[in-house]
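Residue numbers (numbering that gives the first Met the number 0), protein chains in the order written: chain A, 0 to 313; chain B, 0 to 535; chain C, 0 to 321.
All C-beta atoms in this analysis are idealised placements derived from N, C-alpha and C, irrespective of residue type, glycine included.
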Amino acid sequence: MGRFLVKRLALAFVTLFCVSIILFLVAQVMPGDVGRAILGPYATDVQVRALDHQLGVDRPLLERYSTWLGGFVRGDWGDSFLLHRPVAMIAFDRLYNSLLLGGFALLLIVPTSIGFGVLAALNYGKWPDRLISVAGLSLIALPEFVTGIIVLVIFAVELGWLPASSHVPALNPLDWFRQLLLPSIPLMFVLFGYISRMARAGTIESLRSNYVRTAILKGLPRSAVIWQHVLRNSLLPTITVISVQTGYLVGGLVVTETLFNYPGIGKLVLDSAVQHDLPVLQATVLLVAVLYMALALLADVLYTLLNPRVRLAA
Amino acid sequence: MKDYELHLWDEFRSGRLNRRELLRLASVAGVSLAAFGVTGTRGVLAQEPKRGGTLRLAAQYPGKDPESVTASNAGEVFTYQPSLEYLCYPREDWTLDPRLATSWKADPDPKTWVFTIRQGVKWHNGSTLTTDDVVATFERLLDPKVGSSAGSVYKGVLSFGNVEKVGDADVRFHLDKPFVDFPYLVSGFAYQSAILPKNYEMGSFTKGGIGTGPFVLKEYAPHQHADYVANKDYWGKGMPYLDALKVLYFGEESATVLAMQAGDIDIYPVVPLKGGEPILNNPNFKILRHPSADYRSIHMRVDQAPFKDKRVRQAVAYCINREALVKSLFNGAATVANDHSFAPVYVDTQLANSGIPQRKQDYEKAKSLLKEAGVNSVDVTLTTGQYLEMPQYAVALREYCKPAGININVNVMPVDQYYGSGDNQPWLVVPMGETDWAARGTVAQAIIPEFPTGALWNSAHWSDPQFDKLFADYNAELDHQKRQQLALELAKIEHEELPVIISYWIEAQRATTKAVNGFPTAPDNFIDLRATWLSS
Amino acid sequence: MSALPPSLEHGELPAPPPSDRPDQILGAELMSAASLSAPSLSARGLPTGRTREVLRALWRSKTFVIGAAIVLFWVLDAIFWPLFVPYDPEGLVSPMTLQPPSAEHLFGTDDLGRDIFSRTLAGARPTLTVAPLATAIGVAGGILVGLFTGYYRGIADDIVMRIVDALLAFPLIIIAVLVMSILGPSITNVILVIGIVFTPIVARTVRSAVLVERQREYVAAAKLLGNSDLYIMFAEILPNIMGPIAVEITIRLGYAIFTSATLSFLALGIQQPSPDWGLTISIGRVFLQTAPSEVLFPAAALATLIVGVNLIADGLRQVLEE
Chain A
0 MGRFLVKRLA
10 LAFVTLFCVS
20 IILFLVAQVM
30 PGDVGRAILG
40 PYATDVQVRA
50 LDHQLGVDRP
60 LLERYSTWLG
70 GFVRGDWGDS
80 FLLHRPVAMI
90 AFDRLYNSLL
100 LGGFALLLIV
110 PTSIGFGVLA
120 ALNYGKWPDR
130 LISVAGLSLI
140 ALPEFVTGII
150 VLVIFAVELG
160 WLPASSHVPA
170 LNPLDWFRQL
180 LLPSIPLMFV
190 LFGYISRMAR
200 AGTIESLRSN
210 YVRTAILKGL
220 PRSAVIWQHV
230 LRNSLLPTIT
240 VISVQTGYLV
250 GGLVVTETLF
260 NYPGIGKLVL
270 DSAVQHDLPV
280 LQATVLLVAV
290 LYMALALLAD
300 VLYTLLNPRV
310 RLAA
Chain B
0 MKDYELHLWD
10 EFRSGRLNRR
20 ELLRLASVAG
30 VSLAAFGVTG
40 TRGVLAQEPK
50 RGGTLRLAAQ
60 YPGKDPESVT
70 ASNAGEVFTY
80 QPSLEYLCYP
90 REDWTLDPRL
100 ATSWKADPDP
110 KTWVFTIRQG
120 VKWHNGSTLT
130 TDDVVATFER
140 LLDPKVGSSA
150 GSVYKGVLSF
160 GNVEKVGDAD
170 VRFHLDKPFV
180 DFPYLVSGFA
190 YQSAILPKNY
200 EMGSFTKGGI
210 GTGPFVLKEY
220 APHQHADYVA
230 NKDYWGKGMP
240 YLDALKVLYF
250 GEESATVLAM
260 QAGDIDIYPV
270 VPLKGGEPIL
280 NNPNFKILRH
290 PSADYRSIHM
300 RVDQAPFKDK
310 RVRQAVAYCI
320 NREALVKSLF
330 NGAATVANDH
340 SFAPVYVDTQ
350 LANSGIPQRK
360 QDYEKAKSLL
370 KEAGVNSVDV
380 TLTTGQYLEM
390 PQYAVALREY
400 CKPAGININV
410 NVMPVDQYYG
420 SGDNQPWLVV
430 PMGETDWAAR
440 GTVAQAIIPE
450 FPTGALWNSA
460 HWSDPQFDKL
470 FADYNAELDH
480 QKRQQLALEL
490 AKIEHEELPV
500 IISYWIEAQR
510 ATTKAVNGFP
520 TAPDNFIDLR
530 ATWLSS
Chain C
0 MSALPPSLEH
10 GELPAPPPSD
20 RPDQILGAEL
30 MSAASLSAPS
40 LSARGLPTGR
50 TREVLRALWR
60 SKTFVIGAAI
70 VLFWVLDAIF
80 WPLFVPYDPE
90 GLVSPMTLQP
100 PSAEHLFGTD
110 DLGRDIFSRT
120 LAGARPTLTV
130 APLATAIGVA
140 GGILVGLFTG
150 YYRGIADDIV
160 MRIVDALLAF
170 PLIIIAVLVM
180 SILGPSITNV
190 ILVIGIVFTP
200 IVARTVRSAV
210 LVERQREYVA
220 AAKLLGNSDL
230 YIMFAEILPN
240 IMGPIAVEIT
250 IRLGYAIFTS
260 ATLSFLALGI
270 QQPSPDWGLT
280 ISIGRVFLQT
290 APSEVLFPAA
300 ALATLIVGVN
310 LIADGLRQVL
320 EE
């Protein structure tokens with residue numbers, strides 16, 4: 000287990016290093032002239048040079064990269080052009096808001112989807128199975144911005160039950176539902192399709208496995224078998240899916256936060272991209288990548304812990 | 000000024016001025032007509048204002064940290080106007096209400112103006128407002144080193160170093176040339192001219208606690224919200240009525256429109272007429288309508304191909320079906336304009352509006368103008384910002400111009416990028432651009448930034464010595480009849496030379512929930528919340 | 000080594016973390032698709048027979064046929080819409096804005112008085128231009144990278160895989176937003192961005208399939224016969240992994256449609272006055288309550304196209320797994 004962790008961590012760091020290089024290339028080398036990219040085609044050369052100098056992009060590439068990465072590691076992410084505040088402060092503030100939203104969505108949708116997935120598997124081939132599959136597939140086919148607009152208009156505008164622009168909720172569960180339910184629905188719709196499908200597949204597989212058959216033959220009550228064996232084994236692939244979906248979730252946050260005017264990290268990425276606030280954009284995207292990899296790592300560890308084959312071998 | 004009072008009175012009695020215009024002119028000049036038994040109409044309060052409550056007001060993202068000195072977009076203006084005040088402030092009928100100044104007068108002629116400062120006004124930190132603060136505010140706006148966005152307002156009217164403190168009560172403005180409408184340039188209409196403390200440090204407004212206004216800024220969270228509490232020591236008697244105020248920021252109009260419909264917002268100060276239909280047509284909201292002079296200018300750079308020849312510019316103007324635009328873009332909440340600045344809502348503009356035939360869609364004329372200019376077809380890019388109905392207008396224009404052989408490629412930029420800042424202002428560079436202009440207090444104020452030679456926001460790069468000369472005469476002219484005549488001549492030049500196309504004057508429409516009272520209908524683009532209250 | 004999850008023994012991460020949606024689940028299933036298709040391919044000469052068999056099975060698959068019919072409809076529409084739209088989709092054809100469906104305007108009119116029916120039909124073209132081209136770029140790049148790294152392994156493989164991992168660490172929309180903001184919104188840039196982001200994802204699938212294939216006898220035989228590496232990669236291995244690649248293409252296609260629409264919605268993709276669906280939905284959203292046509296019709300069009308592509312992917316996978 001220890002060796003596995005070390006190896007995974009080392010790999011993750013190598014990958015992160017590559018991530019930072021790619022990001023640097025995209026944001027600072029690809030546009031050719033950074034000052035020009037920020038100021039746009041109508042800025043005067045004098046302005047562009049002044050900004051280039053201010054940003055330090057008139058220095059050699061390698062030096063710029065090391066300064067930027069060094070700054071990032073130390074937590075010195077520079078200041079936002081537009082908001083005149085330290086980037087780190089803004090980014091973590093927004094990250095926290097997004098974690099609330101994403102966490103809320105996962106908390107609601109994971110048990111629900113697993114429940115429906117298992118239900119579908121237990122009714123394999125019968126109408127509940129079909130219904131759940133069709134529902135899952137159709138929800139996947141609707142882009143978040145379409146479902147988002149529709150729930151917004153129905154529940155906020157037409158019925159007026161929930162706000163159309165969500166604020167960061169106060170520390171009480173009622174407010175969580177009030178502020179976060181609508182923006183998390185588009186995320187949940189898509190996740191539902193994937194997680195329930197995975198849970199269903201996992202359940203079917205373990206229902207067919209020898210040890211479950213044996214357990215049932217031994218006369219254990221069916222519900223106990225399902226709880227003890229089937230559920231745990233179907234959880235395994237589901238965890239994989241969830242960890243991988245986190246990446247999607249971050250992408251979905253861009254859309255849903257924009258739609259519901261929620262001050263999260265996805266909206267920060269979009270705003271800073273639209274307004275060419277490069278320091279914010281660069282740092283935020285790197286932060287998202289770090290977060291994403293950390294979650295993938297966590298999922299791997301969980302997977303290893305839960306996988307009986309791996310545990311037994313250890 | 001006795002002469003001017005008499006002049007106004009004569010004009011009024013002879014029927015050449017109506018009561019509304021009389022009051023407005025008198026308020027600008029700072030004269031009282033009480034001697035003639037005329038006083039301003041004071042709105043009778045139907046109900047006793049109810050105290051308390053928190054009001055939520057929607058604003059678009061401020062482009063940068065809000066601050067009056069450098070402000071250039073509505074989000075910034077809506078953020079500091081609850082806290083900061085002006086020497087005077089426009090009322091709903093565009094007369095001027097004394098605020099931090101108690102009175103003003105042209106002394107001895109409209110080249111020099113004296114403002115008397117209100118005594119005993121407290122800053123939010125407890126210190127007292129002085130004439131030093133007022134002088135420092137204007138020097139800051141005028142100092143070229145500071146880079147205030149007010150340059151466009153004062154250029155050619157007031158220069159750095161010409162604002163003088165006269166004792167503890169008065170401030171004297173020495174203008175570059177006579178300017179009859181000067182008080183409008185220190186009112187809310189010159190939104191940058193909010194009074195700041197003498198020792199104000201640039202960029203510190205958002206730290207909070209700065210201003211004399213009815214609301215004290217407590218917290219500013221960029222791209223999220225700004226929170227204010229009522230100023231307990233406000234000088235205006237009994238005001239403000241609200242306990243607190245929250246300005247909520249939105250990145251785009253669609254999100255704002257949906258939030259208003261969902262009941263997240265109490266006041267939507269400037270409802271886009273295009274895209275705002277769901278609110279404007281919703282009986283659950285109070286819609287405050289007021290004729291205004293908001294317009295979009297389609298500028299065509301006169302110093303560059305393809306618009307060097309004014310006949311090409313005129314050809315574009317003849318392609319436009321203005322009646323249809325007013326209908327499709329605004330559902331009728333606008334009036335057709337005739338390619339000059341003299342909107343009917345301003346005083347002294349009747350002649351300018353009746354004296355020039357209305358330009359209408361005429362493809363024959365457009366084609367023959369192009370032929371005369373020796374042009375077969377025109378290919379040009381029209382650049383604009385993603386804001387209000389501007390993209391739709393641009394698209395409509397493109398369609399109108401197609402049949403005449405004028406091919407317009409529409410480029411819609413994020414609005415803050417389109418306007419940019421400093422020397423990087425794409426809208427001032429592009430060969431053809433569409434720009435949103437808010438109504439001003441007077442025609443002169445609307446013309447100053449856009450039309451005179453070398454004006455800061457002269458995006459068409461237009462220069463006409465005859466226009467400049469007549470405009471100077473206009474600003475120095477007190478006589479009402481002569482002003483009308485000058486206005487007609489100025490309008491004719493704009494209409495003929497066509498640096499910019501002005502197709503319509505937009506009505507001001509703002510929306511509030513039914514619970515909001517005492518929120519002024521006009522002028523739009525500004526907010527004055529001191530007398531606003533919420534009924535339950 | 001036995002303490003590691005089995006997949007790690009091949010130098011694989013246990014949970015292949017592609018950055019976006021469909022392949023998460025499908026990714027795992029794809030690997031089995033690769034191995035499932037293998038037996039019939041172990042002898043040379045058989046692929047044509049196998050192809051015919053697959054085609055026949057596809058024709059019998061209801062899922063595939065329905066999906067293909069839907070997609071075919073939109074493809075034909077994207078090509079031929081100018082022949083049968085009643086109005087110019089960009090023209091201001093009616094002074095009456097935001098009208099409900101009527102005989103004159105089947106889907107009503109939008110906020111500028113344009114015909115929504117015409118716009119919905121014409122809106123297929125930008126989408127079906129962007130998505131196939133982006134997919135083509137991603138698949139071509141992915142096949143190249145996947146073939147080489149899977150076939151040669153070694154340090155180059157390790158390095159390339161780290162880069163692939165790194166690219167996969169950016170959620171698709173995030174990297175697309177980043178690049179579009181730097182390059183500026185245009186249809187070409189949308190195609191390039193999506194194509195480039197797809198490359199590592201496809202590369203991963205191809206590589207896994209190649210890893211399985213290169214162990215097979217026919218590859219060893221080809222080597223013994225003295226065939227060049229390039230020949231073996233492209234003439235021997237590639238035809239044998241076309242199954243998973245075909246599935247991957249359909250999945251990518253669905254994604255490209257999705258992403259392009261999302262970028263348009265965020266105003267970072269296709270720009271006004273294009274009748275692009277994502278863009279139209281973005282503009283029309285404020286009218287949803289009062290005049291829902293402007294959103295609902297393009298949304299339905301977009302959803303059916305995505306469903307169609309997904310059905311093709313599902314059908315293809317089922318058939319290949321049989």
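For B/His479, three-class secondary structure by DSSP: Locating residue 479 of chain B in the second sequence gives position 480, where the first residue counts as 1. Note: B/His479 maps to helix in three-state DSSP.
CB contact check: B/Ser327 to chain C, cutoff 8 Å: On the second sequence, residue 327 of chain B is found 328 positions in, with the first residue counted as 1. Yes - at least one Cβ of chain C is within 8 Å of the one on B/Ser327.
C-alpha distance - B/Phe114 paired with B/Ile297, whole-angstrom precision: Position 115 of the second sequence, counting from 1, holds the residue named residue 114 of chain B. Position 298 of the second sequence, counting from 1, holds the residue named residue 297 of chain B. Approximately 38 Å between the Cα atoms of the pair.
Residue-level contact to chain A via CB, B/Lys245, 8 Å cutoff: If you number the second sequence from 1, residue 245 of chain B lands on position 246. In terms of beta-carbon proximity, B/Lys245 stays away from the interface with chain A, with every pair separated by 8 Å or more.
Nearest neighbour of A/Thr303, chosen from A/Thr239, A/Asn260, A/Ile264 [CA to CA]: Indexing the first sequence from 1 puts residue 303 of chain A at position 304. Comparing C-alpha distances from A/Thr303 to each of A/Thr239, A/Asn260, A/Ile264 shows the shortest one belongs to A/Thr239.
Cβ-based neighbour list, B/Ile194, same chain, cut-off 8 Å, excluding 5 preceding and 5 following: For the purposes of this step, residue 194 of chain B is taken as the residue at position 195 of the second sequence. Hits under 8 Å: Leu83, Glu84, Tyr85, Leu86, Leu99, Leu128, Asp132, Val133, Thr136, Thr211.
Best match in B/Ala459, B/Ala490, B/Leu455 for proximity to B/Leu469 [C-alpha to C-alpha]: Within the second sequence, the letter at position 470 stands for residue 469 of chain B. Selected option, being the one with the closest Cα: B/Ala490.
Supposed contact pair A/Ala163 and A/Leu151 - C-beta distance, whole angstroms, cut 8 Å: Position 152 of the first sequence, counting from 1, holds the residue named residue 151 of chain A. Position 164 of the first sequence, counting from 1, holds the residue named residue 163 of chain A. Yes, A/Leu151 and A/Ala163 are in contact; Cβ-Cβ is about 6 Å, under 8 Å.
Among B/His479, B/His494, B/Arg529, nearest to B/Asp2 - alpha-carbon criterion: In the second sequence, the residue the question calls residue 2 of chain B occupies position 3. Comparing alpha carbon positions, the residue from B/His479, B/His494, B/Arg529 closest to B/Asp2 is B/His479.
Bounding residues of the beta strand (DSSP E) (the contiguous stretch that carries B/Leu174): The count along the second sequence starts at 1 and reaches residue 174 of chain B at position 175. DSSP places B/Leu174 in the uninterrupted beta strand (DSSP E) bounded by 169-174.
Neighbourhood of B/Val246 by C-beta, 7 Å cutoff - its chain only, sequence neighbours within 5 removed: As a working note, residue 246 of chain B is residue 247 in the second sequence. The residues Leu56, Ala58, Phe77, Thr78, His224, Ala225, in chain order, have a CB closer than 7 Å to that of B/Val246 in the same chain once the five nearest residues on each side in sequence are set aside.
Span separating the alpha-carbon of B/Ala332 from that of B/Ala510: Translated into positions along the second sequence, residue 332 of chain B becomes position 333. Translated into positions along the second sequence, residue 510 of chain B becomes position 511. Those two C-alpha atoms are separated by around 14 Å.
Buried/exposed call for C/Met232, threshold 16 Cβ in 10 Å: Along the third sequence, one-based indexing puts residue 232 of chain C at 233. Classification for C/Met232: buried.
Neighbour list for C/Gln288 in chain A, Cβ cutoff strictly below 8 Å: In the third sequence, the residue the question calls residue 288 of chain C occupies position 289. Within chain A, the residues Val152, Val156, Glu157 have their CB atoms less than 8 Å from the CB of C/Gln288, given in chain order.
Cβ-based contacts, 7 Å cut-off: residues of the region 155-176 of chain C near chain A: Of all residues in the region 155-176 of chain C, only Arg161, Ile162, Asp164, Ala165, Leu166, Ala168, Phe169, Pro170, Leu171, Ile172, Ile173, Val176 come within less than 7 Å of chain A when Cβ atoms are compared, listed by chain position.
Residues near C/Ser180 by beta carbon distance below 7 Å, same chain, minus five either side: Counting from one through the third sequence, the residue named residue 180 of chain C turns up at place 181. Residues Leu267 of the same chain have their beta carbon placed closer than 7 Å to that of C/Ser180, with the five preceding and five following residues left out of the count.
Sequence-distant residues of its chain with Cβ nearer than 7 Å to A/Thr255 (five each side left out): As a working note, residue 255 of chain A is residue 256 in the first sequence. These residues qualify, in order along the chain: Glu143, Gly147, Pro182, Pro185, Leu186.
Cβ-Cβ distance between A/Ala119 and A/Ser132 below 8 Å: The count along the first sequence starts at 1 and reaches residue 119 of chain A at position 120. The count along the first sequence starts at 1 and reaches residue 132 of chain A at position 133. Contact annotation: A/Ala119 and A/Ser132 have beta-carbon atoms nearer than 8 Å.
Contacts of A/Asp341 in chain B (Cβ-Cβ under 7 Å): With chain A running from 0 to 313 in the structure shown, residue 341 of chain A is simply not present.
Coarse secondary structure for B/Lys206, derived from DSSP in three states: As a working note, residue 206 of chain B is residue 207 in the second sequence. Three-state DSSP puts B/Lys206 in a helix.
Chain C contact for B/Leu174 (CB, 8 Å cutoff): For this step, residue 174 of chain B is matched to residue 175 along the second sequence. Not an interface residue.
Closer than 8 Å to chain A by CB, C/Val129: The residue given as residue 129 of chain C occupies position 130 in the third sequence. With 8 Å as the cut-off, C/Val129 does not count as an interface residue toward chain A.
Collapsed DSSP secondary structure at B/Val344 in the structure displayed: In the second sequence, counting from the first residue as 1, residue 344 of chain B sits at position 345. Coil.
Supposed contact pair B/Val409 and B/Gln385 - C-beta distance, whole angstroms, cut 8 Å: Along the second sequence, one-based indexing puts residue 385 of chain B at 386. Along the second sequence, one-based indexing puts residue 409 of chain B at 410. The beta-carbon distance between B/Gln385 and B/Val409, rounded to whole angstroms, is 11 Å. This is too long to meet the 8 Å contact definition.
Buried/exposed call for B/Pro282, threshold 16 Cβ in 10 Å: Indexing the second sequence from 1 puts residue 282 of chain B at position 283. Exposed, by the Cβ-count rule.
CB of C/Pro99 within 8 Å of CB of C/Ser292, strictly: Here the question's residue 99 of chain C lines up with position 100 in the third sequence. Here the question's residue 292 of chain C lines up with position 293 in the third sequence. Yes, Cβ-Cβ distance for C/Pro99 and C/Ser292 is below 8 Å.
Helix, strand or coil at B/Asn406 according to DSSP, with G and I counted as helix: Position 407 of the second sequence, counting from 1, holds the residue named residue 406 of chain B. Reduced to three states, the DSSP call for B/Asn406 is strand.
Within chain A, the residues that B/Ala254 reaches when beta carbons sit closer than 9 Å: Walking along the second sequence from the start, residue 254 of chain B turns up at place 255. Within chain A, the residues near B/Ala254 are Ala163, Ser164, Thr257, Leu258, Phe259, Asn260.
Residues near A/Val5 by beta carbon distance below 7 Å, same chain, minus five either side: In the first sequence, residue 5 of chain A corresponds to position 6, counting from 1. No residues qualify anywhere along the chain.
Residue from A/Ala295, A/Val279, A/Leu297 whose Cα sits closest to the Cα of A/Leu94: Position 95 of the first sequence, counted from the start, is the residue given in the question as residue 94 of chain A. It is A/Val279.
Simplified DSSP assignment, three categories, for B/Ala507: What you label residue 507 of chain B is simply residue 508 of the second sequence in a count that begins at 1. Of the three classes helix, strand and coil, the one that applies to B/Ala507 here is strand, per DSSP.
Touch test, the region 218-237 of chain A against the region 283-296 of chain A, Cβ-Cβ under 8 Å, three pairs minimum: Touching, no.
A/Thr14 vs C/Ala168 beta-carbon contact at 8 Å: Locating residue 14 of chain A in the first sequence gives position 15, where the first residue counts as 1. Locating residue 168 of chain C in the third sequence gives position 169, where the first residue counts as 1. Contact flag set, yes.
Interface partners of C/Gln270 on chain B, CB under 7 Å: Mapped onto the third sequence, residue 270 of chain C falls at position 271. Val411, listed in chain order.
Contacts that C/Val53 makes with chain B (C-beta to C-beta distance below 9 Å): Here residue 53 of chain C refers to the residue found at position 54 when the third sequence is read from its first residue. Neighbours of C/Val53 in chain B, taken as residues whose beta carbon is under 9 Å from its own, are absent, since the nearest beta carbon is some 47 Å off.
C-alpha distance - C/Ser36 paired with C/Gly242, whole-angstrom precision: Counting from 1 along the third sequence, the entry for residue 36 of chain C is found at position 37. Counting from 1 along the third sequence, the entry for residue 242 of chain C is found at position 243. Note that C/Ser36 has pLDDT 39, beneath the 50 cutoff, so the model's placement of it is unreliable and no number is given.
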